[in-house]
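Residue numbers (our numbering), protein chains in the order written: chain A, 121 to 295; chain B, 4 to 317.
Cβ atoms here follow ideal geometry from the backbone N, Cα and C, with glycine treated the same way.
Comments concern the structure below.
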Ligand code: FES
């Protein structure tokens, strides 16, 4: 059986692709170091080519644990608020926005479709590099068995092309 | 290679005979991860290795973690380093807390029996019991002044702490300490020197399964691995395999296969070397995993295998 997945991308005549979605920034979180809890923010400062000011993924900061080492393609990370709801439904488990350990919790953004694409977060421009992979150490940090629930829906890693301030409620839209 | 958090020693509080309580914080004051009462962490002692200490502060506080270290005469180097070398302001490497001595959630009454510095996990539990409003009693047996007297003072108004100075009075009998148990809803815990743990195990031998808990400081002798056989150990992540003889160390074998598996006690009591197993028939032999956890995880430092193949997630 072939399953057809609904795509949020409209294919227009002439082979030009125009995306139809717009979303918003629902939550913002950073943490200074691997293992430490994420802290909620009203706004964060994205630095092009580097990362978020004060976050452990900022390039140039030495980290002790491989899964949270800064890397070129993971300067900012995103997670769908819809996935938090789905995990609550599917696994009867509450996963909070500060617990998934990604920086920006989005609403209305089809993250899994955006690999290789560029999009705006407020005035900033980012490029999605790859889907995030859940790491078992999240269970150690949260003392919750969340790994299985996060497989294939663990968010998106991005590189920052144009930096700036991102605030709660900012619009997220295709470039 | 163990994964470490770097923490600053914010305060060193002399708290009882030969005992220092360390208050550890993130160097920039960032909140620390939550942990469960009964958890311990490994403090990395330079040139010596990891040393396990129970967290003894209030688990509700995320600002700092506390451990208490008694300077042991026959120290293997860990406690004397803490007492003689470590200073306020120093930065130390610790692991994430691991809870191998959990509170029995289903019990309505908890009796904790501590020998000396074995009181540390119970300090954390007592804070939690107070918050939950459940009945608890802590018996602390010590020769002379009790360790962690200042930390205990914060819980004294509960009226639930009994200290027994065994230098001045006879040791209480086990049936007195055990509060008339076994009774419905009662759970008994013990942490202290081996002789005390042995006495506790003997005194509670006929208690229903799951109503007693012991926290070991040093690994007890391993139970025999009945049915252990030579097996092929496979890492699921890389596909690498090797043969492990019956009685051989799975931990060493995994490391030879390039897996990064932490270890501390290497005797099945700390949980540091826990890995998930996917196929095969492990023989566990550890002292800390619950029957449910054993269905998916094993402790590589003591586990053996009763099938000719074992696949672990590493
Ligand atoms: S190293 Fe402590 S249980 Fe294996």
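- Message: I'd like to know if the segment 263-271 of chain A and the segment 152-164 of chain A are in contact, where contact means that at least 3 CB-CB pairs between them fall below 8 Å.
- Response: Counting Cβ pairs under 8 Å, fewer than three are found: no touch.
- Message: Within the continuous beta strand (DSSP E) that includes residue 142(B), where are the two ends?
- Response: As a first step, residue 142(B) must be located in the second chain, where it is residue number 139. Its beta strand (DSSP E) spans residues 138-145.
- By Cβ distance below 6 Å, which residues in the same chain neighbour residue 112(B) in space, the five residues on each side in sequence not counted? Within the second chain, residue 112(B) is the residue found at index 109, counting from 1. Contacts found: 138, 188, 189.
- Look at residue 115(B) and residue 104(B) and say whether their C-beta atoms are less than 7 Å apart. Along the second chain, read from residue 1 onward, the residue named residue 115(B) stands at position 112. Along the second chain, read from residue 1 onward, the residue named residue 104(B) stands at position 101. No, Cβ-Cβ distance for residue 115(B) and residue 104(B) is not below 7 Å.
- Flag this pair as touching only if the segment 7-24 of chain B and the segment 210-224 of chain A have three or more C-beta atom pairs under 8 Å; answer yes or no. Contact between the segment 7-24 of chain B and the segment 210-224 of chain A is absent, because fewer than three Cβ pairs lie under 8 Å.
- Task: Quick one: give me the first and last residue of the beta strand (DSSP E) that residue 47(B) is part of.
- Result: As a position in the second chain, residue 47(B) is number 44, starting the count at 1. Counting along the chain, the beta strand (DSSP E) containing residue 47(B) begins and ends at 42-48.
- Message: Determine whether the beta carbon atoms of residue 243(A) and residue 284(A) lie at a separation below 7 Å.
- Response: Stepping through the first chain from its first residue, residue 243(A) is reached at position 123. Stepping through the first chain from its first residue, residue 284(A) is reached at position 164. A contact, by the Cβ cut-off of 7 Å.
- Message: One question on the structure: do residue 252(B) and residue 283(B) come within less than 7 Å of each other, judged by their Cβ atoms?
- Response: Within the second chain, residue 252(B) is the residue found at index 249, counting from 1. Within the second chain, residue 283(B) is the residue found at index 280, counting from 1. Result no, Cβ atoms of residue 252(B) and residue 283(B) do not sit closer than 7 Å.
- Message: Between which residues of its own chain and residue 186(A) is the CB-CB distance below 6 Å, once the five residues before and five after are set aside?
- Response: Along the first chain, read from residue 1 onward, the residue named residue 186(A) stands at position 66. Confidence at residue 186(A) is low in this model, with a pLDDT of 45, below 50, so its placement is unreliable and the value that follows should be read with caution. Nothing meets the Cβ criterion.
- Message: Looking at chain A, is there any beta carbon in it that lies within less than 7 Å of the beta carbon of residue 349(B)?
- Response: Residue 349(B) lies beyond the residue range present for chain B, which begins at 4 and ends at 317; the question has no answer from this structure.
- How about residue 235(B) and residue 248(B): do their beta carbons lie closer than 7 Å? As a working mapping, residue 235(B) is identified with position 232 in the second chain. As a working mapping, residue 248(B) is identified with position 245 in the second chain. At a Cβ-Cβ threshold of 7 Å, residue 235(B) and residue 248(B) do not count as neighbours.
- Using a Cβ-Cβ cut-off of 7 Å, state whether residue 260(A) counts as contacting chain B. If you number the first chain from 1, residue 260(A) lands on position 140. With 7 Å as the cut-off, residue 260(A) counts as an interface residue toward chain B.
- Message: If distances are taken between C-alpha atoms only, which option among 118(B), 8(B), 10(B) comes closest to residue 200(B)?
- Response: As a first step, residue 200(B) is located in the second chain; it is residue number 197 there, counting from the start. The candidate whose alpha carbon is nearest that of residue 200(B) is 118(B).
- If you check the beta carbons only, do residue 303(B) and residue 287(B) fall under 7 Å apart? Locating residue 303(B) in the second chain gives position 300, counting from the first residue. Locating residue 287(B) in the second chain gives position 284, counting from the first residue. Not in contact: residue 303(B) and residue 287(B) (Cβ atoms no closer than 7 Å).
- Item | Cβ contact (3+ pairs, closer than 8 Å) linking the segment 175-185 of chain B and the segment 206-226 of chain B | Because the criterion of three Cβ pairs below 8 Å is met, the segment 175-185 of chain B and the segment 206-226 of chain B touch.
- Is the Cβ-Cβ distance between residue 41(B) and residue 121(B) less than 7 Å? Counting from 1 along the second chain, the entry for residue 41(B) is found at position 38. Counting from 1 along the second chain, the entry for residue 121(B) is found at position 118. In this structure, residue 121(B) does not lie closer than 7 Å to residue 41(B) by Cβ.
- Which residue comes first and which comes last in the alpha helix (DSSP H) that contains residue 259(B)? Sequence index remark: in the second chain, residue 259(B) carries index 256 (1-based). Run containing residue 259(B): 253-259, per the alpha helix (DSSP H) assignment.
- Classify residue 195(A) as buried or exposed, calling it buried when 16 or more other Cβ atoms lie within 10 Å of its own Cβ. What you label residue 195(A) is simply residue 75 of the first chain in a count that begins at 1. With 16 or more Cβ atoms within 10 Å of its Cβ, residue 195(A) is classed as buried.
- Task: Note the first and the last residue of the continuous alpha helix (DSSP H) segment covering residue 323(B).
- Result: Because residue 323(B) is not part of the residues shown, which for chain B are 4 to 317, the question remains open.
- Query: Comparing the CB of residue 302(B) with every heavy atom of the ligand FES, is any distance shorter than 6 Å?
  - Reply: The residue you call residue 302(B) lines up with position 299 of the second chain. Correct: residue 302(B) has its Cβ closer than 6 Å to the ligand FES.
- is_contact[residue 16(B), chain A] using C-beta, thresh 7 Å: The residue given as residue 16(B) occupies position 13 in the second chain. Cβ-Cβ to chain A under 7 Å: no for residue 16(B).
- Query: So with Cβ pairs under 7 Å, would you call residue 317(B) a contact of chain A?
  - Reply: Working through the second chain from its first residue, we reach residue 317(B) at position 314. Not closer than 7 Å to any Cβ of chain A, the Cβ of residue 317(B) fails to qualify, so no.
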